[in-house]
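Data first, discussion second: the structure below is written as structure tokens.
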Amino acid sequence: MQVRRFPCDPGPAAWNAILPSEPVRETLKSTLNADWLVIGAGFTGLSAARRLSELHPNDRVVVLDASRVAEGPAGRNSGFMIDVPHDLTSSDYSGNTESNLREIRLNRAGIDYAKDASDAYAMSYEAFRLSGKINGAITPRGVDHNTGYAAHLDKLSEPYQRLDAAAMKSITGSDSYIDGLYSPGTAMIQPALFIRSLASGIETSRVKIYENTPVIELKREGSVWKANTPEGSVSTPKVILAVNGHLESFGFYRRSLMHIFTYGSMTHPLSKAELALLGGRSEWALTPADPLGTTVRRISGTGGDRLIIRNRATFDPSLKVSDSRIERVSRDHDRSFKDRFPMLASVEMQYRWGGRLCLSRNNVSVFGEVESGLHVACCQNGLGTSKGMVSGKLVAEDASEISSDLLNDQKTDVQPTKLPPFPFAAIGASAILRWGEFTAGKEL
Ligand SMILES: Cc1cc2nc3c(=O)[nH]c(=O)nc-3n(C[C@H](O)[C@H](O)[C@H](O)COP(=O)(O)OP(=O)(O)OC[C@H]3O[C@@H](n4cnc5c(N)ncnc54)[C@H](O)[C@@H]3O)c2cc1C
Numbered sequence: 004m005q006v007r008r009f010p011c012d013p014g015p016a017a018w019n020a021i022l023p024s025e026p027v028r029e030t031l032k033s034t035l036n037a038d039w040l041v042i043g044a045g046f047t048g049l050s051a052a053r054r055l056s057e058l059h060p061n062d063r064v065v066v067l068d069a070s071r072v073a074e075g076p077a078g079r080n081s082g083f084m085i086d087v088p089h090d091l092t093s094s095d096y097s098g099n100t101e102s103n104l105r106e107i108r109l110n111r112a113g114i115d116y117a118k119d120a121s122d123a124y125a126m127s128y129e130a131f132r133l134s135g136k137i138n139g140a141i142t143p144r145g146v147d148h149n150t151g152y153a154a155h156l157d158k159l160s161e162p163y164q165r166l167d168a169a170a171m172k173s174i175t176g177s178d179s180y181i182d183g184l185y186s187p188g189t190a191m192i193q194p195a196l197f198i199r200s201l202a203s204g205i206e207t208s209r210v211k212i213y214e215n216t217p218v219i220e221l222k223r224e225g226s227v228w229k230a231n232t233p234e235g236s237v238s239t240p241k242v243i244l245a246v247n248g249h250l251e252s253f254g255f256y257r258r259s260l261m262h263i264f265t266y267g268s269m270t271h272p273l274s275k276a277e278l279a280l281l282g283g284r285s286e287w288a289l290t291p292a293d294p295l296g297t298t299v300r301r302i303s304g305t306g307g308d309r310l311i312i313r314n315r316a317t318f319d320p321s322l323k324v325s326d327s328r329i330e331r332v333s334r335d336h337d338r339s340f341k342d343r344f345p346m347l348a349s350v351e352m353q354y355r356w357g358g359r360l361c362l363s364r365n366n367v368s369v370f371g372e373v374e375s376g377l378h379v380a381c382c383q384n385g386l387g388t389s390k391g392m393v394s395g396k397l398v399a400e401d402a403s404e405i406s407s408d409l410l411n412d413q414k415t416d417v418q419p420t421k422l423p424p425f426p427f428a429a430i431g432a433s434a435i436l437r438w439g440e441f442t443a444g445k446e447l
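Each residue of the sequence shown is one higher than the one before, starting from 4 at the first, in the numbering used here.
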């Protein structure tokens, strides 16, 4: 199969840009044989490569990425490794109880595997920490969302704590939040630092990562798969495809995957005077009570003290967005920022960016052996940090014929529901997103 489209990552990967630069890894320029080929060096691909190296320490594992480690969505996300249900296609993040319990088991296994990597590779507190997160509400409607979500957590016997406006102000410094729902199981990561540390941690003489090496063709030749790249190739009996929505670019699951872009802005490092005006804690992390609202993080560490916001979601089946889109979204970001932090009216954003999510209409992932020797773990439904860590580990186990209850949980997913034909899918999805953002009101 010829690969039809390649990753396009608009704007800088801010989390990566604020770290000291790293030497570029080699681009593949030769013909290689390997025991395993992993395509994609995000959470899923690197987790799969790590598990393969644990299961088969003498095997040669090659990882190819079209871009650089931490420049793709893995270095562009908000860094919430969430354990509790987080269904972005629902109005309140939750689905039915049975599937939520399964989702929690899987997400927690992903977080455990991330923690295991964090311990093994001596990652800093900044890269990975188990700190929990808060669903912040600004409007009475947002409070209703938190109340509904709390009732759902009660049904699941999951712990949480409600926070009033005073508690929210003491954490965030903002007068805007009138309610919060703290859930303790989320790990917060500096996504680029985590993914860089994971990549360098797994590299050995048997595991090699090539950057700036897109797979342009993947074909079966007898009993092996051959992946062609612009200047080289890898022949291997077993391939793991960990490219999230770009699975469709390899010819699989056409018209079943929803390609969504969402957008982030990061301030310049706040000065001492700005920090004094802001108040609150030096680190905190809020997801919006309304799934289509604004995510906010305050960070302190490498690159200084900063605020980061994320909002807006656009349906882009072409897997590309224009620079003018980033400019338009920036206006919404500035408004959301100023509403929450009027005391920082003069603070400018240093970085603006966008990045891809892959969702399915029925909130299922794509997992398993799609052709002999070709295994996939894709469509992470907007929660690729935890889901990528677990599905990467499990796809390596599945391809190694190791069974477990957790693997059964992962394999329970049905197939993604087909999307309506173009242009109805685009019109319908865009209308739903716009309506959701409209009704989110001040939560956006
Ligand atoms: C602004 C923003 C905020 C987000 N916030 C969160 C959050 O807080 N928590 C969360 O869990 N998720 C979040 N996400 C989503 C999360 O980033 C993704 O779900 C996650 O990165 C998916 O992981 P992955 O490893 O499956 O895929 P990716 O991270 O997309 O990695 C796939 C890799 O495959 C490579 N690739 C694609 N095609 C080819 C090819 N032909 N050849 C070689 N390589 C190829 C790409 O370059 C890419 O590096 C956010 C996303 C964005 C954009």
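The C-beta atom is built at its ideal place from N, Cα and C for all residues, glycine as well.
Take T388, set aside five residues on each side of it, and the residues of its chain with a beta-carbon closer than 6 angstroms to its own are F46, M84, in chain order.
Here S50 is buried. Its C-beta has 16 or more other C-beta atoms within 10 Å.
When DSSP reads this structure, D86 sits in no beta bridge, so it has no partner.
Assignment of I198 by DSSP, reduced to helix, strand and coil, places it in the helix class. Using a C-beta cut-off of 8 angstroms, the stretch 240 to 256 makes contact with the stretch 398 to 418, since at least three inter-stretch Cβ pairs fall below that distance. If you look at I219, you'll find it isn't in any alpha helix (DSSP H); DSSP assigns it neither H nor E. Note on D157: under 16 other CB atoms within 10 angstroms of its CB, so exposed under the neighbour-count rule.
Excluding residues up to 5 positions away in sequence, M261, F318 lie with their Cβ nearer than 7 angstroms to the Cβ of A432 in the same chain. The nearest non-hydrogen atom of ligand 1 is less than 7 angstroms from the C-beta of S389. Annotated three-state conformation of Y116 is helix, per DSSP. Taking 8 angstroms as the cut-off, the Cβ atoms of P217 and V227 do not count as close. Counted as a single uninterrupted DSSP element, the alpha helix (DSSP H) harbouring S50 occupies residues 46 to 58. Excluding residues up to 5 positions away in sequence, R315 lie with their Cβ nearer than 6 angstroms to the Cβ of D335 in the same chain. When Cβ pairs closer than 8 angstroms are counted between the two stretches, the stretch 379 to 396 is seen not to touch the stretch 428 to 447, the count staying below three. Relative to the Cα of C382, the nearest Cα in the group N103, L109, G14, N247 belongs to N247. Non-local C-beta neighbours of Y266 in its own chain, meaning closer than 6 angstroms and more than five positions away in sequence, comprise R315, V332, G357, ordered along the chain. S349 and E129 have their C-alpha atoms some 27 angstroms from each other. In this structure, A230 is the residue among I137, T442, A230 with its C-alpha nearest to the C-alpha of G376. Beta-bridge pairing by DSSP links W287 to R301. Looking at the backbone, the Cα of Q164 and that of N103 are separated by about 19 angstroms. As DSSP reads the structure, Y185 sits in a beta bridge with I137, Q164. A heavy atom of ligand 1 is found nearer than 7 angstroms to the CB of P76. Assigned with DSSP and collapsed to three states, V367 falls in coil, not helix or strand.
When the alpha-carbon of S303 is set against those of L22, D12, Q5, P13, the nearest one is in L22. A190 and T298 have their C-alpha atoms spaced approximately 15 angstroms apart.
Comparing alpha carbon positions, the residue from A44, S236, T142, G151 closest to A37 is S236. Nearest to R144 by alpha-carbon distance, out of G183, F9, P162, is G183. If you check the C-beta of F9 against ligand 1, you find a heavy atom less than 7 angstroms away. Taking C-beta atoms as the reference points, S208 and Y124 fail to come closer than 8 angstroms. Here L397 carries a helix assignment [DSSP, helix/strand/coil]. T100 and L159 have their C-alpha atoms roughly 7 angstroms apart. Beta-carbon to beta-carbon, E214 and R28 are separated by about 4 angstroms, close enough to satisfy the 8 angstroms threshold. Between R338 and C361, the alpha-carbon positions lie close to 27 angstroms from each other. About 6 angstroms separates the CB atoms of L278 and D308; that is less than 8 angstroms, so the two are in contact.
In the structure shown, Q353 adopts extended strand secondary structure according to DSSP, grouped into three states.
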